[in-house]
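J.:
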Amino acid sequence: MTLDDIKSAIDNSNSIVIFAHENPDGDAIGSSLAFYIALKNIGKNVEVIVPNFPDTYKFLPCSNEAKLETSLDKYDLAIALDCGDIKRLDDPKNVFEKCETRVNIDHHTSNGMFGDLNFVNPVSPACAQIITTMFKYFKYDITIDVATCLIAGIITDTGGFRYEGVTSETFEIASEFLSMGVKISKIYKESLSNISKGKFEARKLTADRLEFLEDSKIAYTYMTKKDMDSLGINKNDLEGIVENGRDIQGVEISIFLYEIEKGFKASLRSNNYVNVSDICLLFNGGGHIKAAGCTLPYSLEESKERILIQSKRFLK
Ligand code: 5GP
Ligand code: MN
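Count along the sequence shown from 1, then add 13; that gives the number in the numbering used here.
1) Nearest-angstrom Cα distance between residue 54 and residue 326?
2) Just to confirm my understanding: we take residue 238, look at its own chain, exclude 5 residues before and 5 after, and list those with CB closer than 7 Å. What are they?
3) Which residues end up in the neighbourhood of the ligand MN when you take C-beta atoms closer than 5 Å to any of its heavy atoms?
4) Report the residue from 56, 88, 72 whose alpha carbon sits nearest the alpha carbon of residue 62.
5) Taking only three categories from DSSP, how would you classify residue 282?
6) With the cut-off set at 8 Å, would you say residue 121 and residue 138 are in Cβ contact?
7) Looking only at C-alpha atoms, which of 170, 217, 110 sits nearest to residue 119?
8) Could you name the residues of the same chain whose beta carbon sits closer than 6 Å to that of residue 124, not counting the 5 residues immediately before and after it, in chain order?
9) Could you spell out the range, first to last residue, of the beta strand (DSSP E) harbouring residue 148?
10) Under 8 Å, do residue 212 and residue 250 count as touching if we go by C-beta distance?
11) Quick one: what's residue 325 bridged to in DSSP?
12) Report all residues from its chain with a CB closer than 6 Å to the CB of residue 41; omit the five preceding and five following residues, and keep chain order.
Here it is as structure tokens:
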């Protein structure tokens with residue numbers, strides 16, 4: 014499989030649908046909107062599906078064109094972006110599987126290669142960075158709108174150019190986009206530093222109840238459905254909580270549990286040597302070496318106990 018195969022698949026398709034992972038972050042949204050705009054610009058009939066669009070990213074171009082659900086049962090081509098596991102694709106009507114050709118473009122270490130055409134680069138810091146390189150190779154016009162969405166994805170998945178996965182190419186892309194007139198500072202502020210009152214309240218509560226365990230190598234906190242209801246917040250307001258624990262000196266693993274319909278969702282981060290994707294794989298989850306997640310279909314007490322037992326095994 015080469016990039017040319019993906020380009021031909023696009024060229025030979027008339028109806029195209031784009032999906033990303035559930036509970037989408039800035040990379041999932043930025044990558045999806047960038048792909049949507051680029052395909053629209055070359056005259057394709059394309060839909061981008063985001064069933065639960067986070068308010069934070071509504072400032073991005075064409076965010077109002079994202080659809081809650083697919084309008085057709087079948088498309089010539091379906092593209093999954095930033096999604097390591099087919100089970101996590103935000104595709105409420107299970108349309109992806111039925112499409113003629115399925116493309117999977119991603120950067121998760123644990124990617125299940127579920128497409129007919131898979132382009133997965135686990136060393137890329139963001140799916141949006143892979144797409145930037147791809148669009149250049151395809152000779153697609155990277156307009157200001159496309160670049161704005163791409164850099165939003167790169168900024169969020171690199172924690173604002175801070176993470177180890179950042180490459181010199183990341184800065185070359187940022188520099189090139191800045192020269193084109195892309196408002197990097199505004200995008201940074203909207204995506205990362207500006208937070209809603211709901212997000213602030215969520216961080217306050219979870220910081221207040223954060224526990225240090227295992228000689229302070231583990232930081233643990235949680236949020237129940239009841240907490241979310243009483244704060245008037247939803248899942249989208251929980252971004253940034255697990256990073257708070259991670260950023261405390263001496264912490265190796267930060268764990269954040271939040272209640273979902275089926276139990277608790279675990280969000281894990283590590284600082285130096287623990288591969289949290291391996292911990293999450295034990296619970297059928299996955300992700301990246303230093304950022305991963307899984308679902309724990311148990312009560313809060315049992316979820317906490319089970320994730321802690323496994324996490325401790327990875328500590329030195
Ligand atoms: P977060 O903690 O921000 O929800 O997720 C961290 C990383 O792990 C993201 O890249 C996300 O896609 C991945 N991830 C989170 N939950 C799951 C899961 O249940 N399964 C898999 N395969 N990946 C997950
Ligand atoms: Mn990503």
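Here a beta-carbon is modelled for each residue, glycine too, at the ideal position from N, C-alpha and C.
T.: On the basis of the data shown:
1) 51 Å
2) 272
3) 40, 95, 140, 170
4) 88
5) Per DSSP, reduced to three states, the secondary structure at residue 282 is strand.
6) no
7) 170
8) 97, 133, listed in sequence order.
9) Counting along the chain, residue 148 falls outside any beta strand (DSSP E), though it belongs to the alpha helix (DSSP H) covering 140-151.
10) yes
11) DSSP, once it has assigned bridges, lists no residue as partnering residue 325.
12) 33, 34, 95
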